[in-house]
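Have a look at the structure below, then the notes.
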Amino acid sequence: MGLGAWTRRDLLASFLAAPVAAAACRGGAAVPPLPPGELAGPSFELGHRLRDGFRPEPAAEAWDDVPVVIAGGGVAGLAAAWRLERAGFERFLLLELEPESGGTSRAGQSGVVAYPWGAHYIPAPLKEDRALVALLDEMGVLEGRDARGEPIVAEQFLCRDPEERVFHRGRWYEGLYLNAGASDDDLYQYGRFVAEVRKWIAFRDGRGRRAFGLPVAAGSDDADVISLDRMTMADWMGERALTSERLRWYVEYACRDDYGSKLEQTSAWAGLFYFCSRVGGLDDAAQPLVTWPEGNGRLVAHLAGVAGPRVRTRAAVTDVRVAADGRRLEVVAWDAKTDTAFGVRCDRAIVATPGHLTRRIVASIRDGYSPDRPAPAYGAWMVANIHLSDRPKLRPGNFPMCWDNVLVESPSLGYVVATHQTELDRGPTVLTYYYPLTDSNAREGQRRLLSAGRDEWAEVALSDLSMAHPDVRELATRVDVMRWGHAMVRPEPGAVWDDARRRAAAPIGGVHFAHTDLSRIALFEEALAHGVRAGEEVLAALGFRVEALAG
Amino acid sequence: MSAESDTSSSPPGVPADATPIRPAIVFVNVFLIATCGLIYELLAATLASYVLGDSVTQFSLVIGIYLSALGVGAWLSKFVRADVARVFVEVELVVALLGGTAAPVLFLAFARVGAFSLLLYSLVFAIGVFVGLEIPLLMRLLENRLTFKDIVARVLAFDYIGSLAASILFPIILVPRLGLVRTSLLFGLLNASVGLWSTWLLGPLIRRGATGLRIRAFLLIALLAIGFWKANALTSLSEEGLYADDVVYARSTSYQRIVVTKGKSGFQLFLNGNLQFASADEYRYHEALVHPAMLAHPNPRHVLVLGGGDGLALREILKWSCVESVTLVDLDPGMTELSSRFPPLAELNGHSFADPRVSVVNRDAMIWLAEVQESFDVAIVDFPDPNSFALGKLYTTRFYGLLRARLAPGATVGIQCTSPLFARTSYWCIVRTLEAAGFIARPYQTPVPSFGVWGFVLARLEPFDVPVVAPEGMRFLNDEALQSMFRFSADMKPVEVEINRLDNQALVRYYEQEWKRWD
Ligand SMILES: Cc1cc2nc3c(=O)[nH]c(=O)nc-3n(C[C@H](O)[C@H](O)[C@H](O)COP(=O)(O)OP(=O)(O)OC[C@H]3O[C@@H](n4cnc5c(N)ncnc54)[C@H](O)[C@@H]3O)c2cc1C
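In order, the protein sequences belong to chains A and B. Under the numbering used here, the first residue of the first sequence carries the number 27, and numbering increases by one thereafter. Under the numbering used here, the first residue of the second sequence carries the number 1492, and numbering increases by one thereafter.
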């Protein structure tokens, strides 16, 4: 097999814990062959060309005219389109770089089951998230409201029990916090941490807002709350003498899972946001999770279905500029099918691309109209979809397979099981394995991500999982790999509650902005909220009177 | 036969004077080989009646084939011209191998081989032929040492005494203590030992290569001894030790481990080690499960069975002549095939899978329910107890909601719900979950000796009265039994429970806690 320039030992030592590498390489020669598979997108090439100043000019006859253009068909772009459709406005065009819309929430499909390539769940929304509630209502996911008016998610869309287990020193345990073997001090500290979280859950500011809302815009900007954004989660825990190793693992797991970052890289505001924002109403109970086999791919498929033929794929926006007449806008894009440039003249544009590309696409930002927009830092992720012919054997005394299966001793996050929500409890399945590159230097993480190809990452994933499932190699029939170079913005201290973030979302001329990056945390709710807001800005500008779903 | 090609110069028979063999000890041989021979016959007949059913037919067929094979063997003995002693030892070793491995081989073959009965009868015939050779050869070895009348009298006497020993030992000690597989191996060992010691006993008559014979005998003894020692692993019926009775069928399908055992009181079916029914009292369970729901419906024509791959609920449903169609949905084709083809089970379920009204769907009931469009008048839900998350989902509000959508107006449902006595919280959890899914649930229970007190629910979407008049011709269910089932003693009365949902699987957790106490 082709591990390129790597030796297996170096590869595993570099990407997995040393003991895993040692165990995997023990006995020397016999390296089992890798199952087939391929490297799935995304297209890096265009990003690199844009950075290098790629700005093609369309031929005179390659111009079109559409009132509204949306650049980018991730959750945010699709949500903007959805908002326009809901208002009955259909004269827009959505341009998406990839062959498929969905962005980091897109999904794949095997003969057995659909599976996620990125985002895999949302917490059940509270009524304050009007946009998400409206979307889920439209999809038939909600079956009513409870006595407090909170939406009720139909049972089959809630993550089926058992939800999660952890693998620690050779055994699977139920839950995420490792109770097994915890000392009194561990449990005491865990209790203190829970009490701190409870305090923030109970918090209401002068305007009655919760400390942490979903979307972020629904939460409080009280000084006490936003001061949390000035320190790291590591410092916050240190100040409170929360030193228990398993507690730190647990909290760091949350940061890695949601943001792809470690305690030292995560703002304490973001760290607490994870624990406090998804908690409902009076009883402090965590909101249940809503998920599908293909994860949030189900949500983007619905949104894309609504936008229908107004989505044009393999069309990379390279420029958004004011037309010579000074009034209209010109959007230039590169058609990857024909390798030609084309242009669209419009009245309004919604730029729903990731921040690092938006800076290169939008002429007014390039030209320094808004020089204080800081470039957010991104974490890189590798996602492998591992197709299995059957379920791994469960050894006696181990907790059975859950939806989320976490490996304590691994730098990966473990895997989710695509068939979990289908009720198919036997036979072939697909495991989605997540590996965030948590290097402090984001560029170094991206370099490391790209230093390994399909075979190398497949080898890493299978070696890592072999620790918990010795039979995974025999069962694996296919391993596909996705390398997300700019997977998620990192909520580093100061990033979220920076005034620059608010300014970045403000329209410039007729150009409106949407993307989860504008919240500095990567979540469906944020992307949706920004898309809906941008859509409503455009509707208002076009003279529509609509009741706001956003903010 | 090797002897036929033996071109040694000596004339047929054995020189009279040459050898000091001791006839008295030869009679011990006769006794032992007679015992072994009959044991093999009994083993084959018992095994055939276990796995093929209908013991009268099986016994008389096996005995007939075996006796005729003995005749063939005796007739063939005349072709043994020279080296009779050596041939005798070789025959012993062949009998030891065939007879000793007969039961393990047949058990292993049953789950895998298509023409099983052909294999069984061929084996019986082969053993018979070789056993048939034994006595004539021994008699010829004694030929010139005793008078003819002495030979006949004593050999036949020891032969019949040996048979008597076998027929007493077999049912009283061997089957109950050792089981069929070990009995088979043990008597193979005995046969091989006879072969081995005969190399000394008849040593002077064996011309060449006594050492070679001994080596083969030793190897065979070692093989059978290992088999005896590892009988469980060898037969892949490693659970044999777990069950009180003989395992007559065992197979791992992709879904579960199916084991059928047979004992004095009849058959038992185990799935993953959990008892599903015992033929002795399953009628109580299945009459209680099926008929209340059938009675509560004025005219049940289309019936749905979820689970119930043993076909026993089917048998009860098919007693109703108004029934036009029954759809049985069971995950495991291995289970429904066994129930339709394995004779003892097929007999027990009244060959219900052969009834043209029955159609079988091998799918996960939950997924199937979400996909189909038909509706049913009566649904009988007979899943294994909720001892895993994969089973727990079949008792959730979501599941009952899907079931509800497939019910025709006025439809009734009967559900097995584990024991309200041993697993009281689990039982009431199922009842309350059904209610939460919009059903009107009428709990009922009845004792089933193999299980203990067992619980069910009769449910409908509209208010209804429970039936009070039992159908004709039931073994268990009469009016009194029917009416008393709906009463609960104090120790089984309702308790506070959580509703079982996909996202909490409360029931699996209750169930695990409760049964832990009784294990
Ligand atoms: C591995 C992983 C796991 C995640 N898990 C979760 C989760 O469980 N729950 C959750 O809520 N969130 C999760 N997220 C966060 C996820 O990013 C957001 O939920 C959401 O998908 C972001 O949508 P977006 O539209 O803002 O951005 P993106 O997904 O980045 O969408 C941007 C779109 O623009 C397109 N594009 C880029 N450049 C151009 C161009 N020049 N022209 C045209 N189109 C262009 C891209 O192809 C893409 O389709 C996860 C992310 C990753 C990477």
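Using N, Cα and C, we set each Cβ at its ideal position, and we do this for glycine too. Predicted, not measured: the structure shown is a model, and the values here were computed from it.
With respect to 8 Å, is the separation between the Cβ of VAL242 of chain A and the closest non-hydrogen atom of ligand 1 below this value?
no
Could you tell me the alpha carbon to alpha carbon distance between SER1727 of chain B and SER1743 of chain B, rounded to whole angstroms?
Residue placement at SER1727 of chain B is flagged as unreliable, the pLDDT there being 46, under the threshold of 50; the coordinate-derived value follows with that caveat. Using only the alpha carbons, I get a separation of about 10 Å.
List the endpoints of the continuous alpha helix (DSSP H) containing MET1857 of chain B.
1856 to 1862
I need the straight-line Cα distance from HIS1842 of chain B to PRO1962 of chain B, nearest angstrom please.
21 Å
For a contact defined as C-beta to C-beta under 8 Å, what are the partners of MET1857 of chain B on chain A?
GLU449
How is TRP32 of chain A classed by DSSP in three states: helix, strand or coil?
coil
Length of the line joining the Cα atoms of ARG132 of chain A and GLU126 of chain A
8 Å
I'd like to know whether the C-beta atoms of ALA1787 of chain B and PRO1958 of chain B end up nearer to each other than 9 Å.
yes
In chain B, which residues lie with their C-beta within 7 Å of the C-beta of ARG218 of chain A?
Residues of chain B passing the Cβ test: none, with the nearest at roughly 28 Å.
How long is the line joining the alpha carbons of PRO426 of chain A and ALA206 of chain A, rounded to whole angstroms?
16 Å
Should VAL101 of chain A be counted as a contact of ligand 1 given a C-beta to heavy atom distance under 8 Å?
yes
Nearest-angstrom Cα separation, counted from LEU1882 of chain B out to CYS578 of chain A
Here chain A comprises residues numbered 27 to 577, so residue 578 of chain A is not present and cannot be evaluated.
Under 8 Å by beta carbon: chain B residues contacting GLY453 of chain A:
SER1745
Might you give, ordered along the chain, the residues of its own chain that have their beta carbon closer than 6 Å to the beta carbon of GLY1616 of chain B, omitting 5 neighbours on each side?
A quick correction: the sequence has Phe, not Gly, at residue 1616 of chain B. Contacts found: ILE1556, ALA1560.
Starting from ASP1994 of chain B, find everything on chain A with Cβ-Cβ shorter than 7 Å and list it in chain order.
GLU181, LEU184, CYS185, ARG186, ASP187, PRO314
For LYS1640 of chain B, count neighbouring Cβ atoms within 10 angstroms of its own Cβ and tell me buried if that reaches 16, exposed if not.
exposed
When the Cα atoms are used, what is the spatial distance from GLU2005 of chain B to LYS1884 of chain B?
18 Å
Could you tell me whether any Cβ in chain A is nearer than 9 Å to the Cβ of VAL1986 of chain B?
no
Our contact map puts ALA401 of chain A next to TRP108 of chain A with C-beta atoms below 8 Å; I'd like the distance itself, whole angstroms only.
ALA401 of chain A to TRP108 of chain A, Cβ: 29 Å. No contact.
With three or more beta-carbon pairs closer than 8 Å as the criterion, would you say the stretch 1561 to 1578 of chain B touches the stretch 1645 to 1661 of chain B?
no
Beta-ladder partner(s) of LYS1753 of chain B, from DSSP
B:ASP1737, B:PHE1758
Entirely enclosed alpha helix (DSSP H) segments - the stretch 1795 to 1855 of chain B, minimum 4 residues
1803 to 1808, 1824 to 1832, 1834 to 1839
Helix, strand or coil for ASP393 of chain A? Go by DSSP, reduced to three states.
coil
Around the Cβ of ALA1515 of chain B, are there at least 16 other Cβ atoms within 10 angstroms (buried) or fewer (exposed)?
exposed
Please name the residue, chosen from B:ARG1577, B:ASP1823, B:GLU1815, that lies closest to GLY1802 of chain B on a Cα-to-Cα basis.
B:ASP1823
Using the beta-carbon count (16 or more within 10 Å), is THR464 of chain A buried or exposed?
buried
For ligand 1, I want to know if ILE387 of chain A counts as a neighbour, meaning its beta carbon is within less than 8 Å of at least one of the ligand's heavy atoms.
yes
Under three-state DSSP, which class holds THR455 of chain A?
strand
Just to confirm, is the Cβ distance from PRO62 of chain A to ARG504 of chain A under 9 Å?
yes
If we cut at 9 Å on Cβ distances, does PHE1880 of chain B have a partner in chain A?
yes
I'd like to know if ARG1889 of chain B contacts chain A, where contact means its C-beta is closer than 9 Å to some C-beta of that chain.
yes
Any idea if PHE70 of chain A is buried or exposed, counting beta-carbon neighbours within 10 angstroms, 16 or more meaning buried?
exposed
Just tell me which of B:LEU1629, B:GLN1767, B:TYR1935 has its CA closest to the CA of VAL1519 of chain B.
B:LEU1629
Taking 8 Å as the cut-off, is the CB of MET1857 of chain B close to at least one heavy atom of ligand 1?
no
For THR258 of chain A, which beta-bridge partners are listed by DSSP?
A:SER293
Kindly indicate which three-state DSSP category ALA105 of chain A falls into: helix, strand or coil?
helix
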